[in-house]
Structure formats: C-alpha cells, structure tokens
Amino acid sequence: RDTLPLLKEYMANFDPTFLALRPEPVELKAVADSFKIYYRKVDGTTPTSYTMDHSAGKYVFDTEGRVRLFSSYGTEPGVIVEDILTLLNSMKG
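Throughout, our numbering is defined as the position within the sequence shown, counted from one, plus 89.
Here it is as structure tokens:
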C-alpha cells in the first residue's frame, strides 16, 4: 500500500534529511533481520483489509554506518538526551 506518491507525501511531514525505505519483500526481510525489527501482517475484517504489527524505535548511527544507540518507542526524551550525551562524550578524543 505504500506507493511512491503516498510515501513522498508522508515523508513531507519530517525533516527533509530523513530517508524512507521501501524495499522489495525479499529485501525487506533482510533489512528487518539486520536491525532486529519485528513485523507481521494482521488480517482485517474483510478479505482486502489488513494492518501491520511492527516494532518501532529510533536508531543513531556513527559516521561508519554502525548502530551506536537504539531507543524503543515510548522512551522518555530525557533518557534519549542522556544516552546521546553519553555517546558523544565517549567519542571525544
């Protein structure tokens, strides 16, 4: 259901530097597995309706593309700030 026009419209709600990912089904599984993302199609009340259960969170990557921080959905902003400051302080030489 995530057509390119709908995805473009949705992404307009975010910072323009954010990227959207729309892989093919085989690629999606590989990406989800590499980030330990859970997703599952849930049948709806009609044969053509469904929803998607999925994990949600925020990743912080370093300049080498490695995940340095993950915050799950619902993490308090203050906790995220503390984690980012700790990460930044650990990078000082």
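All residues carry an ideal CB built from backbone N, CA and C; glycine is no exception.
Nearest neighbour of residue i, chosen from the options [CA to CA]
i    : options                   : result
T106 : P112, P114 and K97        : K97
E156 : Y139, D142 and K125       : In the sequence as displayed, the identity of residue 156 is Val instead of Glu. It is K125 whose Cα lies nearest to the Cα of V156.
V147 : N178, V115, P112 and P166 : Correcting the residue type first, residue 147 is Lys in the shown sequence and not Val. The shortest Cα separation from K147 among N178, V115, P112 and P166 belongs to P166.
N- and C-terminal bounds of the beta strand (DSSP E) containing residue i
i    : result
L158 : V156 to S161
F150 : G146 to F150
Supposed contact pair residue j and residue i - C-beta distance, whole angstroms, cut 8 Å
i    : j    : result
L158 : V170 : At roughly 11 Å, the Cβ-Cβ gap does not stay under 8 Å, so L158 and V170 are not in contact.
Y128 : A121 : 6 Å
Span of the alpha helix (DSSP H), counted from its first residue to its last, around residue i
i    : result
Y99  : L93 to M100
K181 : Neither: K181 is in no alpha helix (DSSP H) and is coded neither H nor E.
K118 : P114 to S123
Bridge-paired residues (DSSP) for residue i
i    : result
M141 : K130
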